[in-house]
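J.:
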Amino acid sequence: MLQRLQSIFQNTFFTAFVLFVILVISLASAISAVILLPTSIGEEPQTLFLDEMYYFSSLELGTFDYLDIEYTQGGFIVPAYTRSGSVKGVSLIGDASYYFYPDDSGFRDQGELTELYMPINEEQLAMLLLRTEFTEITSRNQLISADNETISLEESADLFDDIRHQASALMLQKPEMYISIHLFGYKRLYLPDANIAMAMLITSEGDRLVYNENSTITLYDSQTSEQLFQSTHPFIEYGYPPDNLLLYALITLSLLLFSAIIVVWLLTVDLDEHKRVQELVKHIEYPHWLIALALLLYFITQFLIMPYSISDYWVPVLIACNYLLIILVFCKNSYEREYIGLTFKHWGHAISSALLLGFFFQMLGSFNIPTSFNIESYTDLLSMFLIAFFFYALINEIIFRGIIQNYIERLTTTWIAIIGTAGIVALINYIINQYIYNMAHIEVLLQSFLIAPVGSVVLSLLYVRTRSLLASSLLATLLIILPRILVF
22 MLQRLQSIFQ
32 NTFFTAFVLF
42 VILVISLASA
52 ISAVILLPTS
62 IGEEPQTLFL
72 DEMYYFSSLE
82 LGTFDYLDIE
92 YTQGGFIVPA
102 YTRSGSVKGV
112 SLIGDASYYF
122 YPDDSGFRDQ
132 GELTELYMPI
142 NEEQLAMLLL
152 RTEFTEITSR
162 NQLISADNET
172 ISLEESADLF
182 DDIRHQASAL
192 MLQKPEMYIS
202 IHLFGYKRLY
212 LPDANIAMAM
222 LITSEGDRLV
232 YNENSTITLY
242 DSQTSEQLFQ
252 STHPFIEYGY
262 PPDNLLLYAL
272 ITLSLLLFSA
282 IIVVWLLTVD
292 LDEHKRVQEL
302 VKHIEYPHWL
312 IALALLLYFI
322 TQFLIMPYSI
332 SDYWVPVLIA
342 CNYLLIILVF
352 CKNSYEREYI
362 GLTFKHWGHA
372 ISSALLLGFF
382 FQMLGSFNIP
392 TSFNIESYTD
402 LLSMFLIAFF
412 FYALINEIIF
422 RGIIQNYIER
432 LTTTWIAIIG
442 TAGIVALINY
452 IINQYIYNMA
462 HIEVLLQSFL
472 IAPVGSVVLS
482 LLYVRTRSLL
492 ASSLLATLLI
502 ILPRILVF
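Heads up: the sequence shown begins at 22 in our numbering, then just goes up one per residue.
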């Protein structure tokens, strides 16, 4: 009886059918979770549109409890609209002074700012316009400058375009204000509700300060991620992010990522390279100090030089040295090349699986279906692909799959190697996200201990099933370039 059950589960068609049923159930559960908990997946950064703008001669911004902003030399109010026409935020362009004075803390911060962005709705925009006398501006209007001199039509048109350009550039920085995650190459934002007061201030020194006022009052520098001030608000109880966001996000993201793992297994169900790899292991022996040297070169490049932009010159040099060391140490003969995965075995299956997975993951990351491509020229596309493949994807896959995972697998089992590699990826992401990029607590938890390790499991499983670095490297490359060229 036991042998009969084993033969049933070893049947490729039966296994594929079971995996397909599991995939349908997990995707249906994920879609249901998004419908029931719409904030759990966040939303993609929206393209906002500028229509009218308003000129004012003076304005005292009374939006916040502990932050005063005063314009005495005039400025511009530039509302930002969604595609459907609803107000999403507003940019204030002009020189102003700000004063931050949280009660009983002894902390004070003041200075000059040149630009400010606030997320607001239609009602809040109307209240803002009621606080000052304004003139609606088009490119055909004449303006009165601060010294009461009339600006000519030509200057007015140039000024109109300049202000729109400033406001557009400022809005591109607004995602820095929000909790966000990166899912299969897509940034997804967890936006606050309308009761949360927030602002991004661009100071005259060029600093970007983000101010949040909810149950917690915070002021931080988004460029350096330095927390300047944090305190509990004495009157406001609701906060950002909400307490239940982490739980909701864990539920939905876990279902989506589990679906991704099932899809990899389904596409490679007819492949089993375990026996061949066991034979190859008998012919493989690497000196431990050379493995350590390869890992050291990689980590110096990826986690010390690149994040801190110490030297753009040394990045390609160190990556080239890494490749040279890998070729000399890990690819001396055909056994070693096949074992590490630098082979074109199953190349058709590898390429087709990577392409299908790449496009499927784009739909999971964007929660949308692509309709076309945005490609300026095929030369640019080829250049983008080669840079992503050789300087990011392939070197990462050689290190994590070809060296680390294979080394753990030789000492233990395949699944322990996959999980162990995912644990190393989680630890590395935690260190980078917590201490280099200074992410918020909820971002660190979701990105470092859910998305990154499950992404590693997806790539590891594809590598184990095909035993080809071509498959996992191509998939990693597609996750880099597809979000830049797909149109939804």
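Where a beta carbon is used, it is the ideal one built from N, C-alpha and C, also for glycine.
In whole angstroms, what is the alpha-carbon distance linking Val508 and Ser373?
T.: Numbered from 1 along the sequence shown, position 487 holds the residue referred to as residue 508. Numbered from 1 along the sequence shown, position 352 holds the residue referred to as residue 373. Cα to Cα, the separation comes out at about 22 Å.
J.: Throw me the rounded Cβ distance for the Ile439 and Val485 pair, which I believe falls under 8 Å.
T.: On the sequence shown, position 418 is the one that residue 439 refers to. On the sequence shown, position 464 is the one that residue 485 refers to. About 7 Å separates the two Cβ atoms, so the contact holds.
J.: Compute the beta-carbon to beta-carbon distance between Lys109 and Tyr120, rounded to the nearest angstrom, for a pair I have assumed lies under 8 Å.
T.: In the sequence shown, counting from the first residue as 1, residue 109 sits at position 88. In the sequence shown, counting from the first residue as 1, residue 120 sits at position 99. Contact doesn't hold; Cβ gap of about 27 Å is too wide.
J.: Is the beta carbon of Thr253 less than 8 Å from the beta carbon of Thr237?
T.: As a position in the sequence shown, residue 253 is number 232, starting the count at 1. As a position in the sequence shown, residue 237 is number 216, starting the count at 1. Yes. Within cutoff.
J.: Have a look at the DSSP bridge pairing and note the partners of Asp130.
T.: The sequence position of residue 130 within the sequence shown is 109, counting from 1. According to DSSP, which records beta bridges pairwise, Asp130 is partnered with Phe121.
J.: Rounded to whole angstroms, what is the Cα-Cα separation between Leu40 and Ser275?
T.: Taking the sequence shown and counting its residues from 1, one reaches residue 40 at position 19. Taking the sequence shown and counting its residues from 1, one reaches residue 275 at position 254. Distance between the alpha carbons of Leu40 and Ser275: 17 Å.
J.: Starting from Glu91, trace the beta strand (DSSP E) in both directions and tell me its first and last residue.
T.: Taking the sequence shown and counting its residues from 1, one reaches residue 91 at position 70. It spans Leu88 to Tyr92 - the beta strand (DSSP E) in which Glu91 sits, taken as one unbroken run.
J.: Could you give the DSSP three-state label for Glu258: helix, strand or coil?
T.: The count along the sequence shown starts at 1 and reaches residue 258 at position 237. Looking at Glu258 - three-state DSSP - the assignment turns out to be coil, as it is neither helix nor strand.
J.: Verify whether the separation of the beta carbon atoms of Gly63 and Ile202 is less than 8 Å.
T.: Residue mapping note: residue 63 aligns to position 42 of the sequence shown, counting from 1. Residue mapping note: residue 202 aligns to position 181 of the sequence shown, counting from 1. Result yes, Cβ atoms of Gly63 and Ile202 sit closer than 8 Å.
J.: Please report the distance separating the alpha-carbon of Glu81 from that of Leu249.
T.: On the sequence shown, position 60 is the one that residue 81 refers to. On the sequence shown, position 228 is the one that residue 249 refers to. Their Cα atoms are separated by approximately 24 Å.
J.: Where does Asn17 land, buried or exposed, given buried means 16+ other C-beta within 10 angstroms?
T.: Outside the shown range of the chain (22 to 509) lies residue 17, about which nothing can therefore be said.
J.: Measuring CB atoms only, is the segment 51–66 touching the segment 289–299, in the sense that at least three cross pairs come out at less than 8 Å?
T.: No contact exists between the segment 51–66 and the segment 289–299.
J.: List the residues that DSSP assigns as beta-bridge partners of Leu151.
T.: Against the sequence shown, residue 151 aligns to sequence position 130. For Leu151, which the question treats as bridged, DSSP gives no partner whatsoever.
J.: Under DSSP, the alpha helix (DSSP H) around Gly369 begins and ends at which residues?
T.: Here the question's residue 369 lines up with position 348 in the sequence shown. First-last of the alpha helix (DSSP H) with Gly369: Trp368 to Ser387.
J.: Are the CB atoms of Ala117 and Glu91 within a distance shorter than 8 Å?
T.: For the purposes of this step, residue 91 is identified with residue 70 of the sequence shown, where counting begins at 1. For the purposes of this step, residue 117 is identified with residue 96 of the sequence shown, where counting begins at 1. Against a cut-off of 8 Å, the Cβ pair of Ala117 and Glu91 comes out as a contact.
J.: Please state if the CB of Ile502 and the CB of Ile424 are separated by a distance shorter than 8 Å.
T.: Mapped onto the sequence shown, residue 424 falls at position 403. Mapped onto the sequence shown, residue 502 falls at position 481. No, the Cβ-Cβ distance between Ile424 and Ile502 is not below 8 Å.
J.: Compute the distance between the beta-carbons of Val475 and Leu278, then report whether it is under 8 Å.
T.: Within the sequence shown, numbered from 1, the residue matching residue 475 stands at position 454. Within the sequence shown, numbered from 1, the residue matching residue 278 stands at position 257. Yes; because the gap between Cβ atoms is below 8 Å, this pair is in contact.
J.: Compare the Cα-Cα distances from Ile390 to each of Phe381, Ser47, Ile445 and Glu143 and report the closest residue.
T.: The residue you call residue 390 lines up with position 369 of the sequence shown. Minimum Cα distance to Ile390 is reached at Phe381.
J.: Who are the Cβ neighbours of Ile217 in its own chain at under 6 Å, not counting the five residues just before and after it?
T.: The residue labelled residue 217 in the question sits at position 196 within the sequence shown. Result list for Ile217: Asn235 and Tyr261, in chain order.
J.: Determine the contact status of Ser387 and Leu44, defining contact as a CB-CB distance below 8 Å.
T.: The count along the sequence shown starts at 1 and reaches residue 387 at position 366. The count along the sequence shown starts at 1 and reaches residue 44 at position 23. Against a cut-off of 8 Å, the Cβ pair of Leu44 and Ser387 comes out as no contact.
J.: Counting C-beta neighbours from all protein chains within 10 Å, is the total for Tyr399 16 or more, i.e. buried, or is it exposed?
T.: Residue mapping note: residue 399 aligns to position 378 of the sequence shown, counting from 1. With fewer than 16 other Cβ atoms within 10 Å, it is exposed.
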